[in-house]
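Chemist: In this note's numbering, the protein residues as written are 16 to 716.
Cβ atoms here follow ideal geometry from the backbone N, Cα and C, with glycine treated the same way.
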């Protein structure tokens with residue numbers, strides 16, 4: 016009787032996917048014939064290892080079986096049953112019947128646990144970790160379409176409908192609001208008792224010798240060949256109270272005798288120690304310590320601390336802070352009564368001056384635009400018969416006695432200005448037409464570049480330099496800072512850094528003939544066709560517009576976009592215009608001063624001055640608006656300084672200060688964010704004054 020052929024199921028690719036039986040055969044049911052695996056082996060002649068190897072081979076052939084087959088258990092015990100006596104002729108049976116036999120064997124096998132012995136614990140166990148198949152639980156793919164396509168328009172409509180649906184959701188009849196109440200479980204308070212925490216206070220003092228022994232001494236002791244039993248002599252410390260190399264030289268020059276004796280005593284003590292002990296290790300040379308950078312920096316910080324403590328009352332008055340008096344001074348000032356007069360006055364706080372600035376004239380001053388504690392002062396001597404080298408000193412409010420930076424120039428300094436985008440850069444204009452840019456970051460390599468190698472440089476004195484932020488694009492967002500200068504040769508240049516300092520000409524000042532005066536034919540020909548530019552100022556809101564004051568008394572309104580002609584010309588002064596400045600509060604109002612004794616207040620839309628101010632019959636050298644009050648400006652005459660307040664009077668200055676005979680004020684500058692002014696004079700001093708009893712805008716005219 017032929018065996019019954021089982022049905023098989025195959026997929027599209029031809030793979031056998033026939034379901035396998037999962038249930039165990041009941042007792043008495045017909046079992047399929049076993050394969051030759053058990054037919055060739057007998058209970059008498061077969062060993063257990065041979066059986067395992069044969070079972071392993073059979074298992075490898077049937078690797079498609081999804082369930083693990085075990086060759087241990089009851090199947091091995093029942094090898095002597097009647098199924099084991101099948102003949103070898105069964106090898107010619109159908110392959111499917113053999114596969115069924117292996118399946119039935121796997122279902123009837125029961126794993127047997129082998130006893131674990133002690134020597135088996137030391138054997139290595141191989142554990143194989145394999146990656147499971149990736150299982151995807153949720154996959155939402157985004158859809159991106161072009162906004163200009165038909166699908167994009169449809170998607171926009173769907174999003175719009177969904178947004179309106181969310182807005183109208185609360186107004187729907189099916190929308191119901193329900194309130195719920197959260198049940199807060201009752202809290203229970205429990206008290207616990209702990210032991211009292213006792214604290215103790217202990218003080219200790221660590222000298223610098225203890226710190227030295229713990230840090231340096233331990234490392235020296237660990238070095239091979241070092242002798243820890245012998246005490247090493249140490250040289251006493253040397254301390255000074257001056258910050259810079261120049262100040263150190265000044266101190267040593269004043270106290271040369273004391274310092275020489277002190278160093279001599281140190282050298283003698285060294286000789287004694289060398290003679291007494293053969294092998295001695297000394298500290299570094301005192302001269303190296305005195306000139307080291309760390310020691311100079313320590314002296315700099317120490318000097319600042321001492322000076323700020325000494326000048327606390329001056330700095331507090333400068334910043335408008337309360338003054339801290341010493342106890343003995345408070346008793347003396349208790350009996351002093353205040354003056355009954357409350358008229359405006361100037362109170363001298365201090366003066367920036369040193370030995371290097373004596374014999375120079377203060378030509379210009381400029382605050383650092385980012386750090387209001389830094390002041391740059393230019394010095395020069397403008398006598399044609401006795402020309403001197405120029406000097407630039409950068410002062411700090413943290414040190415009122417000596418400048419932080421000192422720059423020596425070949426000729427007199429005429430103007431200077433700090434950069435806003437790079438606060439450490441200082442532009443300096445000189446009497447010989449040179450323009451230089453210095454850096455505040457380093458005292459040794461301070462000069463960044465100059466215009467001496469520029470082919471289109473100025474050939475006459477540069478009377479003013481200014482850093483200006485200009486708009487470079489039509490969007491009015493791209494702003495770059497440029498350096499501008501005006502000189503006595505009648506040219507206005509724009510400077511930029513490109514492998515050095517280079518420039519382009521934006522305006523050449525032409526002379527304007529006065530047609531009212533009758534001139535002969537010989538006098539009509541001008542000897543010099545270019546006007547001398549003395550000053551300029553750029554508009555605060557439109558940096559492309561600027562004003563230029565000339566030696567002929569004219570004020571020209573120019574534009575950086577038009578380099579061939581003036582936009583407007585204002586003519587009222589009868590002498591050279593020394594200064595022109597826009598108001599920081601009113602964008603269309605500007606002031607000008609001249610050697611014709613007058614100060615003119617102009618409006619951009621009027622060609623005649625709105626107001627004319629005259630106090631004395633002397634030339635006006637400098638004029639500046641107050642950065643705090645819109646109606647206040649300062650004036651420098653030949654021998655006095657005036658403070659005008661248009662809110663009080665337009666006929667006479669509110670405050671007048673006479674200078675010492677023989678000393679002329681040369682420049683004026685208002686302090687930033689304080690009620691103080693700075694006045695430079697012909698002796699190289701920059702005096703800082705406090706405005707007392709000054710209330711801008713109060714009173715009637």
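(1) Among the residues of its own chain, which have a CB less than 6 Å from the CB of residue 507, if the five just before and after it don't count?
(2) Hey, could you find the ends of the beta strand (DSSP E) residue 159 is sitting in?
(3) Secondary structure at residue 173, three-state DSSP: helix, strand or coil?
(4) Roughly how far, in whole angstroms, is the beta-carbon of residue 450 from the beta-carbon of residue 463, given that I think they are within contact range, below 8 Å?
(5) Please identify the residue among 34, 683, 23 and 706 whose C-alpha is closest to the C-alpha of residue 377.
(6) With burial defined as no fewer than 16 other Cβ atoms inside 10 Å of the residue's Cβ, what is the status of residue 92: buried or exposed?
(7) Cβ of residue 443 within 7 Å of Cβ of residue 395?
(8) So, at 7 Å on beta carbons, what are the nonlocal neighbours of residue 697 in its own chain, with the 5 sequence-adjacent residues on each side left out?
(9) Can you tell me the Cα-Cα spacing of residue 665 and residue 311, whole angstroms?
(10) Considering Cα atoms alone, identify which of 553, 338 and 639 is closest to residue 648.
(11) Please state whether DSSP places residue 528 in a helix, a strand or coil.
(12) For a quick check, are the C-beta atoms of residue 564 and residue 595 less than 7 Å apart?
(13) On the criterion of 16 or more Cβ atoms from any shown chain inside 10 Å, does residue 167 qualify as buried, or is it exposed?
(14) Whether or not the region 610-619 and the region 582-595 are in contact is what I'm after, with contact meaning three or more pairs of Cβ atoms, one per stretch, closer than 8 Å; do they touch?
(15) Kindly confirm or deny that the region 686-696 and the region 333-340 touch, where touching means at least three C-beta pairs closer than 8 Å.
(16) Take the Cβ of residue 152 as the centre, count every other Cβ of all protein chains shown within 10 Å, and call the residue buried at 16 or more, exposed below.
(17) When burial is assigned at 16 or more other CB atoms within 10 Å of the CB, is residue 473 buried or exposed?
(18) What is the DSSP secondary structure of residue 402, reduced to helix, strand or coil?
(19) Excluding five sequence neighbours on each side, which residues of the same chain lie with their C-beta closer than 8 Å to the C-beta of residue 555?
(20) So, with DSSP's three-state summary, where would you put residue 11?
(21) Look up residue 165 in the DSSP assignment and say whether it is helix, strand or coil.
(22) Kindly list the residues whose CB is nearer than 8 Å to the CB of residue 31, restricted to its own chain and excluding five residues on each side of it in sequence; keep chain order.
(23) Inspect the beta-carbon positions of residue 705 and residue 431 and report whether they are closer than 7 Å.
(24) For residue 465, count neighbouring Cβ atoms within 10 angstroms of its own Cβ and tell me buried if that reaches 16, exposed if not.
(25) Under 7 Å, do residue 415 and residue 388 count as touching if we go by C-beta distance?
(26) Note down the Cα distance separating residue 373 from residue 476, rounded to an integer number of angstroms.
(27) Between the Cα of residue 409 and the Cα atoms of 446, 422 and 329, which residue gives the shortest distance?
(28) Count the other CB atoms within 10 Å of the CB of residue 129; is the residue buried (16 or more) or exposed (fewer)?
(29) Residue 439 and residue 454 - do their beta-carbons sit closer together than 7 Å?
(30) Please list the segments of the beta strand (DSSP E) lying wholly inside the region 353-421, counting only runs of 3 or more residues, in order along the chain.
(31) In this structure, does DSSP put residue 301 in helix, strand or coil?
(32) Looking only at its chain, what residues have a beta carbon closer than 6 Å to the beta carbon of residue 503, apart from the 5 residues adjacent to it on each side?
(33) Which runs of the beta strand (DSSP E) at least 3 residues long sit entirely within the region 496-529? Give them in chain order.
(34) With residue 494 and residue 481 assumed to form a contact (beta carbons below 8 Å), what rounded beta-carbon distance in angstroms separates them?
(35) Using a Cβ-Cβ cut-off of 6 Å (strictly less than) and excluding sequence neighbours within five positions of residue 700, which residues of its own chain qualify?
Modeler: Once the coordinates are examined:
(1) 501, 521 and 522
(2) Segment: none, residue 159 is in no beta strand (DSSP E) and carries neither H nor E.
(3) helix
(4) Rounded, the Cβ-Cβ distance is 11 Å, inconsistent with contact.
(5) 683
(6) In this prediction, residue 92 scores a pLDDT of 37, lower than 50, which makes its location untrustworthy; no coordinate-derived value is stated.
(7) no
(8) 376, 678, 679 and 681
(9) 53 Å
(10) 639
(11) coil
(12) yes
(13) exposed
(14) yes
(15) yes
(16) exposed
(17) buried
(18) coil
(19) 597, 599 and 602
(20) The requested residue 11 does not occur in the structure, where the chain is confined to residues 16 to 716.
(21) helix
(22) 23, 24, 25 and 79
(23) no
(24) buried
(25) no
(26) 23 Å
(27) 422
(28) exposed
(29) yes
(30) 360-367, 376-382, 389-395 and 405-411
(31) helix
(32) 475, 476 and 547
(33) 506-512 and 516-523
(34) Rounded, the Cβ-Cβ distance is 15 Å, inconsistent with contact.
(35) 366 and 368
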